[in-house]
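*Asks:*
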Amino acid sequence: MARVTLDRVNKIYGYGPSAVHAVEDLSLEIEDGEFAAILGPSGCGKTSTLRMIVGLEEITSGTVAFDGEPMNARAPEQRNVAMAFESYALYPNFNVAQNLAFPLEVKGVDASERQRRVERIAGLLQIGELMGRRPRELSGGQQQRVSLGRALIREPAVFILDEVLSHLDAHLKFQMLFELKRIHQELERTMVYVTHDQMEALALADRVAVMSNARLQQFGDRDALYDRPANRFVADFIGEPPTNFLDATVVHDGGAPLLHVLGSDLRFAVDGERAAAIEAAQLDRVTLGIRPQNLTWNTDGDTAVVGATVDFNEYLGEHTILTLRDGGALFRAIVPPNVDAGEGARVELHYRTRNVMVFHPETDEFLG
Ligand SMILES: Nc1ncnc2c1ncn2[C@@H]1O[C@H](COP(=O)(O)OP(=O)(O)OP(=O)(O)O)[C@@H](O)[C@H]1O
Ligand SMILES: [Mg+2]
């Protein structure tokens, strides 16, 4: 078992003008037994981070520690950590059972114990019927499961999983997410799961570290990422469809400030907390953020209202996504599937004032 701490970790590839700063001042503390995810767009530094935790990549500066003990100078095999990659890296001349057993053989685990653990992992990953096949006789998804099994079988203190479900079809992926969660509960090991898929990260992890451009943006649970995103990037990256962002001026109408969306007649009210944050920042312009899920068709009493014209009506079976326009402002709302909202119709959307997020117009920082 291990708590994984990264303290101001940097990774710079190469030298001089062609140097790439792949990870910048990353500090992160993953609790013992926690399931953490690292989420971010392609190229943001996820794999580089993992490879430094595992020991496959030199740490340019900063410290990686397990249970407070620095690992920087230790080789991968001295770190009690296992990693599974997106690419399978299976031994081509071994069959599946041999591929699974190999890490145990290296560790000197005796044959009957090897047999027991191979069977257990095969059961967990549903690959029992593939035991006699060579890697080239497996589909991409099957190879991915074997590769995952080979990491899991070692039962190390820390598991590092890099995009391990990317080659699975949607149905199998869903099943494997559930299995991974169960495996984590059963083994009670620290797991770090890397993905660019927010659904996977949010479904699996206790906490998600969101990265962008080599930097950590936020490390938090679902509620924090949804309701208190650190900045506009996180609010945009988490949630589907993404958050609506609208430029607004702050209008003081006697009492509480109203946010008047530029180029339109849209006015959003904010709650006391947001009003205080705007006041404290002394801004007369802000970026307003509201999630499409938080603009609703029906009122349940406690809501404010905005009116807009339907630009586009996307019926998706379980719900409908409306693209709405008022003047030059465009935004989206998720509404029930069969609402009467044809293109060109004038409609009213309801929202709770506490769901209106406010961002600094220049720094993109979350204000409240
Ligand atoms: N060995 C290397 N030499 C030079 N640059 C590298 C090397 N490995 C990665 N990079 C660069 O470092 C940055 C981060 O790469 P990294 O592989 O960590 O991203 P990632 O978040 O895992 O992306 P993806 O989601 O595409 O896997 C990228 O700009 C990449 O081009
Ligand atoms: Mg990667």
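In terms of our numbering, the sequence shown opens at residue 678 and continues consecutively.
Even glycine gets a Cβ: it sits at the ideal position worked out from N, Cα and C.
All values derive from a computational prediction rather than experimental measurement.
1. Is the stretch 804-818 close to the stretch 772-786, with three or more CB pairs under 8 Å?
2. Helix, strand or coil for Met888? Go by DSSP, reduced to three states.
3. According to DSSP, what are the bridge partners of Val697?
4. In whole angstroms, what is the alpha-carbon distance linking Arg951 and Thr682?
5. Examine ligand 1 and report whether any of its heavy atoms sits within less than 7 Å of the Cβ of His861.
6. Give a single yes or no on whether Ser824 has its beta carbon closer than 7 Å to a heavy atom of ligand 1.
7. Could you give the residue range of the alpha helix (DSSP H) that holds Arg1008?
8. Enumerate in chain order the residues of its own chain whose CB-to-CB distance from Ala954 is below 7 Å, with the five nearest sequence positions on each side excluded.
9. So which of Gly994, Thr1000 and Glu863 has the shortest CA-CA distance to Val1018?
10. Would you be able to state if there are at least three C-beta pairs under 8 Å between the stretch 873-885 and the stretch 710-729?
11. Helix, strand or coil for Asp684, going by three-state DSSP, please let me know.
12. From Phe712 to Leu802, what does the alpha carbon distance come to, in whole angstroms?
13. Within the present structure, is the beta-carbon of Arg839 separated from the nearest heavy atom of ligand 2 by less than 7 Å?
14. Tell me which residues share the same chain as Leu705 and place their Cβ nearer than 7 Å to its Cβ, disregarding the 5 neighbours each side in the sequence.
15. Would you mind stating whether Ile837 and Ile707 have Cβ atoms separated by less than 8 Å?
16. Does Gly826 pass the burial test, meaning 16 or more other C-beta atoms within 10 Å, or should it be called exposed?
17. Would you grab the beta carbon distance between Leu939 and Phe945 for me? Rounded to a whole angstrom, and I think it's under 8 Å.
18. Okay, do the stretch 997-1015 and the stretch 914-927 touch, 3+ Cβ pairs below 8 Å being the bar?
19. Measuring CB to CB, does Ala766 end up less than 8 Å from Ser824?
20. Let me know the secondary structure DSSP gives Pro812 once reduced to three states.
21. Apart from the five residues on each side of it in sequence, which residues of its chain come closer than 8 Å, Cβ to Cβ, to Thr727?
22. Does the distance between the C-beta of Lys688 and the nearest non-hydrogen atom of ligand 2 fall short of 7 Å?
23. Rounded to the nearest angstrom, how far is the Cβ of Phe743 from that of Ala847, given a contact under 8 Å?
24. Could you have a look at His848 and say whether DSSP puts it in helix, strand or coil?
25. Assuming Ala752 contacts Ser725 (C-beta within less than 8 Å), just tell me the rounded distance between them.
*Replies:* Looking at the atomic coordinates:
1. By the criterion of at least three beta-carbon pairs nearer than 8 Å, the stretch 804-818 is in contact with the stretch 772-786.
2. The DSSP-derived three-state label of Met888 is strand.
3. Answer is Tyr690.
4. When rounded, the distance between both Cα atoms is 34 Å.
5. Checking the Cβ of His861 against ligand 1 gives no.
6. Answer for Ser824: no, Cβ out of range of ligand 1.
7. It should be pointed out that residue 1008 corresponds to Phe in this sequence rather than to Arg. No alpha helix (DSSP H) contains Phe1008, which is instead part of the beta strand (DSSP E) from Ala1006 to Val1012.
8. Result list for Ala954: Val1035, Leu1044 and Gly1045, in chain order.
9. First, the amino acid is wrong: residue 1018 is Ala here, not Val. Ranking the options by Cα distance to Ala1018, first place goes to Thr1000.
10. In short, these stretches touch, since the Cβ pair count reaches three.
11. Note: Asp684 maps to strand in three-state DSSP.
12. The alpha-carbon of Phe712 is positioned some 19 Å away from that of Leu802.
13. Here the sequence assigns Asp to residue 839, which means Arg is not the residue at that position. Yes, since a heavy atom of ligand 2 falls inside the 7 Å radius drawn around the Cβ of Asp839.
14. Sequence-distant partners of Leu705 (beyond 5 residues in either direction) whose C-beta falls short of 7 Å from its own C-beta, in its chain, are Leu683, Ala886, Leu893 and Phe896.
15. No, these two residues do not count as a Cβ contact at 8 Å.
16. When all chains shown are included, Gly826 counts as buried.
17. Contact doesn't hold; Cβ gap of about 12 Å is too wide.
18. Here the stretch 997-1015 makes contact with the stretch 914-927; the two share three or more CB pairs at distances below 8 Å.
19. Contact annotation: Ala766 and Ser824 have beta-carbon atoms nearer than 8 Å.
20. DSSP, reduced to helix, strand and coil, places Pro812 within a helical segment of the structure shown.
21. Note that residue 727 is Leu in the sequence shown here, rather than Thr. Here the set comprises Ile715, Met760, Ile837, Asp839, Val869 and Val871.
22. At a threshold of 7 Å, Lys688 does not count as near ligand 2, since its beta carbon sits no closer than that to any of the ligand's heavy atoms.
23. The Cβ separation is near 35 Å, so there is no contact.
24. Residue state, collapsed to three classes: helix.
25. About 18 Å separates the beta carbons of Ala752 and Ser725, which is beyond the 8 Å limit, so they are not a contact pair.
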